[in-house]
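Below you'll find the structure, written out as structure tokens, and then a few comments.
Number of protein chains: 2
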Amino acid sequence: MATTPNPIHSWFLGPKAENDLLLKELIDFAFEAHVDWRRSYHPEDASPISASTQRSVAAISQRADLRREFNALLQRLRESVPYFHPRYNAEMVSDTAVAAQAAYFAAMLHNPNNACSDVAPVTAALEMEVGQQLATMIGYDTARSWGHLTAGGTIANLESVWIARNLLYHPVAAMLATRALGVDISVELPDNSTAPLSSLDSWQLLNIRPAASLELWEKLWQSASGPVVESALRAYSLQSFGYQDYGRHLFREFGDQVRTAVVMAPGTIHCSWKRVVSSLGIGTNQLVMIPVTAECRLDPDALWQQIVTLRGKRIPIMACITTCGTSGQGAIYDLRRVVEVRARAESELGVSFHIHSDATYGGYAASLTRAPDGTRQSPPTVREQCGLGLWPSDDWITSVFALASADSVSIDPHKLGYVPYPAGALLLKDRRARELASTRPPYYRDGEPIEGEHPLTADPILEGSKPGAAAAAVWMSHRTIPLHSAGNGRLVSSTMRAARKLHALLGSSDFEPFKVVRFPEPDLNIVCFLIHHRSLLNLTALNQLNEHIYRELSPSPGMSAPYMISRIRLTSPNYDGAIDPLLASLGEEGRAYKRHIAEGLTVLRVTLMNPFSEDAEGEHLAGLIEAVRTAAMNFVP
Amino acid sequence: MATTPNPIHSWFLGPKAENDLLLKELIDFAFEAHVDWRRSYHPEDASPISASTQRSVAAISQRADLRREFNALLQRLRESVPYFHPRYNAEMVSDTAVAAQAAYFAAMLHNPNNACSDVAPVTAALEMEVGQQLATMIGYDTARSWGHLTAGGTIANLESVWIARNLLYHPVAAMLATRALGVDISVELPDNSTAPLSSLDSWQLLNIRPAASLELWEKLWQSASGPVVESALRAYSLQSFGYQDYGRHLFREFGDQVRTAVVMAPGTIHCSWKRVVSSLGIGTNQLVMIPVTAECRLDPDALWQQIVTLRGKRIPIMACITTCGTSGQGAIYDLRRVVEVRARAESELGVSFHIHSDATYGGYAASLTRAPDGTRQSPPTVREQCGLGLWPSDDWITSVFALASADSVSIDPHKLGYVPYPAGALLLKDRRARELASTRPPYYRDGEPIEGEHPLTADPILEGSKPGAAAAAVWMSHRTIPLHSAGNGRLVSSTMRAARKLHALLGSSDFEPFKVVRFPEPDLNIVCFLIHHRSLLNLTALNQLNEHIYRELSPSPGMSAPYMISRIRLTSPNYDGAIDPLLASLGEEGRAYKRHIAEGLTVLRVTLMNPFSEDAEGEHLAGLIEAVRTAAMNFVP
């Protein structure tokens, strides 16, 4: 349990702005430092703004206009949703750390653009540090990995599959490049054997392990001069050809045997993934959904079967997306299973693919597994700090450790890092993969790329401008709420305790004449359930009840809802594994509901990420349950 | 010329933080309002943070740690690049408006996520207003257009071509959908004639005007029920199939006659466009570059010839990208010419395509063409306000008016809108185009989409999270520095005057023993030139001299450079039209240089977007020229 006094009490402004003096002091400090900085830059220069101009009637009137307009904005902002308060438990947003708020403000006055390290020397360096901190937290080797900040998780996810897409066809480009260069190189196959690249058929070329695919680059550099290799590779890359011409090219080379590649993902992935794959030209049809279990976890047997089926059809797999902390339920177990299944697929089926973990929500939970000295904490130590008995399980902890095995990880400081928007991040296990989405060649000397001249951060993958202020905010937050068990881990475990408390309270509360149907205990800090009444004769009526409760407990003008929660619509067949046991618990009625599951099942969702949810001594949790009950009672079918 | 007192003097913090009291007052005001807002939300709730905790030794020590870390950050930030100062004229960044800084801070404390209007009711509404303001400024009909904010110009540009890509194949999908539904509809051809959709061949289907393509939707809705039409369209869309399967599909349907579509663009487009097209699966090979003139303007005759050539090969054109304010030189003339050429191509060749204007830099120049009452200003009035005699020309003004004819426009408030990062925007002339990048169907009632239930803003195209604070900053800036000639137009014209003054000074200054070779007078506020010395025997030496000057006048630790400028490398053949007259002015030597132009030509670039560049009464402009001369003198070949 948290020691006394709880440092969380100093980290946030607080539900009653308890730490207003602290934040104000930092803001004033930043402002004064900025003013001083401006005045100390070429103090000999004349000012273009004269004091007499400032005193003029016109200037006074302009300032009065500005104050009036600003006041109007502040009035409008009073209608904002109170994310900061433990009464708000709807979406993945909460209060943000004082350190991050102050740092964002301080750097915003400078307004650096981190897409270009030349012109943002300070905040680009901070971004590099942040990338290394996140990589260290999840277990990547910082000598080989790379991390950078993005506008958010969707952009980071897009970058990951953009790279995976180009990586899939990289061995094809390498093979065609060797042919053009009149050389041959060896390549490691998924079963660890080695073969000449020229001897592979199209199926083998599209099933090279990500690491082995990246090694083709260096092998090629050894066979010819860097620029020659680079231009040969570029001439045969998907990045240059584009999908349409590449398809024709593959057809000419291999006939009709190269099938369209797919992206696998459990049914629980965030809806934004459809945008990601379709923008990349992959197509939503190519999203192959893997069934999930009652706990909304990917079913590893189903994954294996899917891989076997795809192999039978000779359909290559571009990537498997998994989620660490699903947006619906916070489930975190998938990655380790996918890593295990891929290892088996490589050795038994000769099938390999890129693994990406969408840890935009749950990635910061890895902070719980790190001791302040940076070492991995043992499962008993993690459990002792969480104070939840046998929770989290060994399986939970090794699932979080598995982030180190993903080829790429996206992680959002603006979620469980408690930093203001916009702050997403993409981490690559092997930084060479970054080149696959690059449109400019690496720098060379004697045929070798020069690491130092290719900045490790702030090199744009997609975005051409990024606020350096976001990097400063994340950096400052990590400095004061470090990525270990006594820092950010304390926040995560606190929210996990609150979630488990709510889950238990839901189970023990009297909802008569309603019945609460809970999801299994949460992996993280999101509690899902639905409210049922035996008079509800069909699924539509059941959904109407829960949609009604959600609407009653949603932000509305005046913010009159006593508590705010969210809801998700579980769709079939993606969520069948989770839907079936929920409905089964309702017996005969549940079976009747199931017949119309095409319309989906609405489930209420409580995201307990507020740092003060635990502190409320169950008061707000009980209040929330009472609010749900009251909203249910008000339902008129 | 500007009236006295110049309101610009009240709009910015200023090079010596002259308006520190004003910004401080607004920041304090925002802070107090925020604290009051928090405290007035459920005042009856107990505080989780006790005063005794706050007074504890541990809490005092935690706060001391935070102050120390924050102080370290502020110290590091002192090494920032002084964008705010007229001595900085390198990249497209400058001081930001006080109104925007204060509004960003105020809204950041609330931390709304504008990707979801449900949870960001205030700032999502502000974003909608901002989108309409920008659309109004460029002349879009706000009843039909749509605008939203993005993380930056690259994301907005990506969204535009994502839509154009899907729009190109939309008539194919519509034709296949009508066949599946057993109906037929009519379609308008580029020559204004009408034909049954089923009668068109693949070439015709890929040359439907954007507006006519969008109308197919409504025609289909009239022929069958909304959801049925939607699912039929979706079944045949590129968005669903993905590029690989769509290629196969097109082949089955039309044989090998459908060629890979291209994106046309003048050689001056920003390098980020390669990232945009390759991420979308289009391929950098499909970027067809159009030659430019001496002024770095697209050559309309070359464009026409290119279209004729592409038509001869039956290569469809997905889009033509133009730039309003090229990042290299600020050229703004291209769009009107492309609009004219497209009209001719439609009537004479039956060829049509989407036109996108990358107005990320120059879009705000349209504010100069608006009177405070919102009407278009006449060219003489614009010229009178600019105070530059015959400048800007009628051609300049109609080129800016042409923004209203582009199918989509990207425009960055964080450039000439003087708002902090991140603030880009995408504007669509016809909001129905947005659906083409959507992965969820529009809402229906009686087979018709319901506009009101599909929010006009904050509906994610790509990003799943966006800072509402950015919307507040842009909104507040537009309220106090409105998008007309007396507001933002004043800023733009001021920087244009400074640029023309610098251009003239460069021409009249004595650079002996060096010679200055200037670009033609700037369209906007970017001045490009190179320094030559007759001892430089080859192009490499010439480039070395100018790279040396650039390095001497670049940000470096300690910011010791007296002035900061940037440089661009003009590449051949993209920039041949501009390179040739520059080198020709050097006579015989220039012809010798030209033989090695494959290495590119380095040109110095001065971006005069600081609002106080003009005020300095030529002092800083003369200083800059002297700094260039001194740097040249220090050059050791």
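Residue numbers (our numbering), protein chains in the order written: chain A, 1 to 637; chain Z, 638 to 1274.
Glycine is no exception: its CB is placed at the ideal position from the N, C-alpha and C atoms.
As the structure is a computational prediction, the values presented were derived from the model and not from experiment.
Could you confirm whether any beta carbon from chain A is found closer than 7 Å to the beta carbon of Q769 (chain Z)?
-> no
Provide the residue(s) that pair with A649 (chain Z) in DSSP beta bridges, ordered along the chain.
-> Checking the displayed sequence, the identity of residue 649 (chain Z) turns out to be Phe instead of Ala. Note: F649 (chain Z) sits in a beta bridge opposite Z:A734.
Local Cβ density within 10 Å of G1054 (chain Z), reported as buried at 16 or more and exposed below that | buried
To which residues of the same chain is S231 (chain A) closer than 6 Å at the C-beta, ignoring the five residues directly before and after it?
-> none
Please look up how many angstroms separate the CB atoms of L335 (chain A) and S399 (chain A), rounded, as I've assumed it's under 8 Å.
-> 6 Å
For D682 (chain Z), the nearest candidate out of A:T480, A:L197 and A:R87 (CA to CA) = A:R87
Could you list the residues in the segment 61 to 86 of chain A with a C-beta less than 9 Å from some C-beta on chain Z, going in chain order?
-> Q62, R63, D65, L66, R67, E69, F70, N71, A72, L73, L74, Q75, R76, L77, R78, E79, S80, V81, P82, Y83, F84, H85 and P86
Work out the CA separation of D936 (chain Z) and T930 (chain Z) for me, nearest whole Å.
-> 6 Å
Within this structure, are the beta carbons of S877 (chain Z) and G283 (chain A) separated by less than 7 Å?
-> yes
Mind listing which residues of the segment 151 to 174 of chain A have their C-beta closer than 9 Å to chain Z's C-betas, in chain order?
-> A151, G152, G153, T154, I155, N157, L158, E159, W162, R165 and N166
Counting only beta-carbon atoms, is K16 (chain A) nearer than 7 Å to chain Z?
-> yes
Specify the secondary structure class of C320 (chain A) as computed by DSSP and reduced to three states.
-> Here C320 (chain A) sits in strand by DSSP.
Could you tell me which residues DSSP pairs with L1223 (chain Z) in its beta bridges?
-> BP columns for L1223 (chain Z) are empty, so no partner.
Beta-carbon proximity check, T322 (chain A) vs V308 (chain A), cutoff 7 Å | no
Under a CB-based cut-off of 7 Å, is I49 (chain A) close to chain Z?
-> yes
Going by alpha carbons, who is nearest to A1060 (chain Z) out of Z:L786, Z:S1209 and Z:M729?
-> Ranking the options by Cα distance to A1060 (chain Z), first place goes to Z:L786.
Cβ separation of L1207 (chain Z) and A1215 (chain Z), assumed to be a contact under 8 Å, to the nearest whole Å | Right, their Cβ atoms sit about 6 Å apart.
In chain A, what lies closer than 8 Å to E1285 (chain Z) by C-beta?
-> As displayed, chain Z neither begins before 638 nor continues past 1274, which places residue 1285 (chain Z) out of reach and without an answer.
Within its chain, find whatever has a CB closer than 7 Å to the CB of Q738 (chain Z); leave out the 5 residues flanking it on each side and keep chain order.
-> L660 and P1057
Note down the Cα distance separating T32 (chain A) from R39 (chain A), rounded to an integer number of angstroms.
-> Residue identity check: residue 32 (chain A) is Glu in the sequence provided, not Thr. Approximately 11 Å, taken between the alpha carbons.
So, are the CB atoms of A1264 (chain Z) and P1192 (chain Z) less than 7 Å apart?
-> no
Can you have a look at G784 (chain Z) and say buried or exposed, based on whether 16 or more other CB atoms are within 10 angstroms of its CB?
-> G784 (chain Z) is buried by the Cβ-count criterion.
Same chain only: Cβ atoms within 6 Å of R534 (chain A), ignoring 5 sequence neighbours per side | none
Of all the CB atoms in chain Z, is at least one closer than 7 Å to the CB of E91 (chain A)?
-> yes
Just by C-beta distance, which residues in the segment 474 to 500 of chain A are closer than 7 Å to chain Z?
-> M476, R479 and T480
V672 (chain Z) versus chain A: which residues are under 7 Å apart at the beta carbon?
-> A17 and D20
Residue-chain proximity (V1265 (chain Z), chain A), Cβ-Cβ < 7 Å | The C-beta of V1265 (chain Z) comes no closer than 7 Å to any C-beta of chain A.
Compare the C-alpha of S560 (chain A) against each of A:E552, A:G590 and A:D373 and name the closest.
-> A:E552
State the beta-bridge partners of A212 (chain A) as determined by DSSP.
-> A212 (chain A) pairs with nothing; no bridge assigned.
Any C-beta of chain A under 7 Å from that of G1260 (chain Z) | no
Classify N794 (chain Z) as buried or exposed, calling it buried when 16 or more other Cβ atoms lie within 10 Å of its own Cβ.
-> buried
Flag S782 (chain Z) as yes if its beta-carbon sits less than 7 Å from any beta-carbon of chain A, otherwise no.
-> no
Rounded straight-line distance, which links the Cα of D1160 (chain Z) to that of A996 (chain Z) = 14 Å
For D1213 (chain Z), the three-state DSSP class (helix, strand or coil) | helix
Delimiting residues of the beta strand (DSSP E) encompassing T1244 (chain Z) | In the DSSP assignment, T1244 (chain Z) falls within the unbroken beta strand (DSSP E) covering L1238 to T1244.
For G1252 (chain Z), go through chain A and note every residue whose CB falls closer than 7 Å to its CB, in chain order.
-> The sequence as given places Asp at residue 1252 (chain Z); Gly does not occur at that position. The answer, in chain order, is P48.
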